[in-house]
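Engineer: Top line first, the protein sequences correspond to chains B and A.
Here our numbering is used: the first residue of the first sequence is 9, the next is one more, and so on.
Here our numbering is used: the first residue of the second sequence is 9, the next is one more, and so on.
2 protein chains.
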Amino acid sequence: MRKMVDALRENQYRITPQRLAILKVLAESKGHPSVESIYEQVQTRFPTTSLATIYKNVAVLRDLDQLLELGFSDDSNRYDGNKPYDHPHVVCTVCRKILDPDISALADMTQELTRETGFTITRHRLDFFGVCPECQARR
Amino acid sequence: MRKMVDALRENQYRITPQRLAILKVLAESKGHPSVESIYEQVQTRFPTTSLATIYKNVAVLRDLDQLLELGFSDDSNRYDGNKPYDHPHVVCTVCRKILDPDISALADMTQELTRETGFTITRHRLDFFGVCPECQARR
DNA sequence: TATTTGTTGATAATCATTTTCCATAAAAAA
DNA sequence: TTTTTTATGGAAAATGATTATCAACAAATA
Ligand SMILES: [Mn+2]
Ligand SMILES: [Mn+2]
Ligand SMILES: [Zn+2]
Ligand SMILES: [Zn+2]
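(1) For aspartate 108 of chain A, which of B:Asp108, B:Ala29 and B:Thr125 has the nearest alpha-carbon?
(2) So that I know if they touch, is there some Cβ in chain A lying closer than 9 Å to that of asparagine 85 of chain B?
(3) Is serine 112 of chain A close to chain B? Criterion is C-beta to C-beta, closer than 9 Å.
(4) Is the beta carbon of aspartate 88 of chain B closer than 9 Å to that of leucine 78 of chain B?
(5) Who are the near neighbours of cysteine 103 of chain B in its chain, counting only those whose CB is closer than 6 Å to its CB and skipping five residues on each side?
(6) Can you check DSSP and say which residues form a bridge with valine 33 of chain B?
(7) Which parts of the segment 34-113 of chain A are runs of the alpha helix (DSSP H), unbroken and 4 residues or longer, counting only runs that do not cross its ends?
(8) Please decide whether leucine 75 of chain B counts as near chain A, where near means a Cβ-Cβ distance under 9 Å.
(9) Does any CB atom of chain A fall closer than 9 Å to the CB of methionine 9 of chain B?
(10) Is glutamate 48 of chain B near ligand 3 - that is, is its Cβ less than 8 Å away from at least one heavy atom of it?
(11) Whole angstroms are fine: how far does the CA of threonine 128 of chain A sit from the CA of threonine 122 of chain A?
(12) Whole angstroms is fine: what's the gap from glutamate 44 of chain B's alpha carbon to aspartate 14 of chain A's?
(13) Where does arginine 22 of chain A sit, in a helix, a strand or coil, going by DSSP?
(14) Let me know the secondary structure DSSP gives arginine 146 of chain B once reduced to three states.
(15) If threonine 106 of chain B sits next to methionine 117 of chain A, beta carbons under 8 Å apart, how far is it from one beta carbon to the other, in whole angstroms?
(16) Do glutamine 119 of chain B and asparagine 65 of chain B have their C-beta atoms within less than 9 Å of each other?
(17) Tell me where the alpha helix (DSSP H) around methionine 117 of chain A begins and ends.
(18) Comparing the C-beta of asparagine 146 of chain A with each C-beta of chain B, is any distance below 9 Å?
(19) Show which residues of chain A have a CB atom less than 8 Å away from the CB atom of cysteine 140 of chain B.
(20) Buried or exposed: where does arginine 133 of chain A fall if 16 or more other Cβ atoms within 10 Å of its Cβ makes it buried?
(21) With hydrogens ignored, establish whether the beta-carbon of histidine 132 of chain B is closer than 8 Å to any heavy atom of ligand 1.
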């Protein structure tokens with residue numbers, strides 16, 4: 009949150025109430041919100057907020073490396089403002105919530121890949137799909 | 009290849025020259041072709057082939073679990089006819105070629121996830137991005 | 001061979017998300 | 001405060017890969 013504000017300041021972006029509200033949603037959110045979800049939450053405090061404003065600000069933060077963007081081919085983008093760097097995710101296929109699991113032995117994997125394929129690996133996208141405990145209980 | 013033909017037969021799909029040509033491209037391709045790429049290759053033997061035909065057949069094979077579909081939010085789908093089940097991929101960000109690396113310790117990861125998050129994991133999508141040896145050499 | 005029914009090819013339609021536009025509002029600098 | 005510059009809001013437009021449509025065609029079956 010503080011980091012994000014600093015990044016905006018350092019790059020001559022103005023600090024507006026809408027921006028702060030968006031940052032707050034991103035910082036406090038645990039389920040990797042979509043633009044639409046951020047929009048709805050910001051609207052409770054700023055009813056005239058525009059969707060376009062959310063899109064524009066999310067793009068700014070993404071370009072400043074303050075936000076990890078998770079694109080899906082069959083769904084809208086999701087955002088992580090707490091860990092703005094590549095990391096694995098667990099996606100519930102029922103409620104669409106997304107969590108950050110702790111996974112050991114990840115750096116190993118990249119090394120193994122480099123050794124085996126000769127690729128220089130710079131990024132990754134690791135998604136596991138399944139059903140979360142809450143959705144399992146609802147059966 | 010044989011497997012794919014059998015699957016089509018078993019499900020009362022007709023064996024047409026176009027289908028065989030598409031299967032051949034899929035079976036022989038190593039870089040995970042897009043629909044467009046399959047289209048271009050099939051066209052060298054059947055110049056009147058339609059893009060729609062490729063789309064339709066790829067959908068059929070995907071529904072018969074003969075084809076793994078890799079959707080990208082910022083690019084067209086890619087297909088793997090050799091390993092029609094979830095597995096990791098290495099993507100070259102320069103030439104867009106996609107390879108199948110051999111990775112040990114993968115089942116472990118899913119187990120660790122299940123234990124840690126309580127999710128029942130059914131699918132995964134593991135993409136590593138970097139530059140392939142060929143593209144590195146071209147610098 | 002005749003009949004049936006699935007397939008092809010060409011094109012138009014779709015689809016929802018994301019971008020763009022621009023007049024108005026509001027930060028920041030002077 | 002005044003000026004300058006950037007951001008917002010509301011709406012419209014773009015995006016472009018994928019899907020739907022349908023007449024013409026060709027496998028399969030007997
Ligand atoms: Mn995350
Ligand atoms: Mn593969
Ligand atoms: Zn759930
Ligand atoms: Zn390459």
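Ideal placement from N, C-alpha and C gives every residue a C-beta, glycine not left out.
Structural biologist: Taking the coordinates as given:
(1) B:Thr125
(2) yes
(3) Serine 112 of chain A has a beta carbon lying within less than 9 Å of a beta carbon in chain B.
(4) yes
(5) Cys143
(6) Valine 33 of chain B pairs with nothing; no bridge assigned.
(7) 43-51 and 59-71
(8) no
(9) no
(10) no
(11) 6 Å
(12) 45 Å
(13) It is coil, neither helix nor strand.
(14) coil
(15) Inspection of the sequence shows that residue 106 of chain B is occupied by isoleucine rather than by threonine. At roughly 17 Å, the Cβ-Cβ gap does not stay under 8 Å, so isoleucine 106 of chain B and methionine 117 of chain A are not in contact.
(16) no
(17) 115-125
(18) The identity of residue 146 of chain A in the sequence shown is arginine, whereas the question assumes asparagine. No, arginine 146 of chain A does not count as interfacial toward chain B.
(19) Result: Thr125, Gly126 and Phe127.
(20) buried
(21) no
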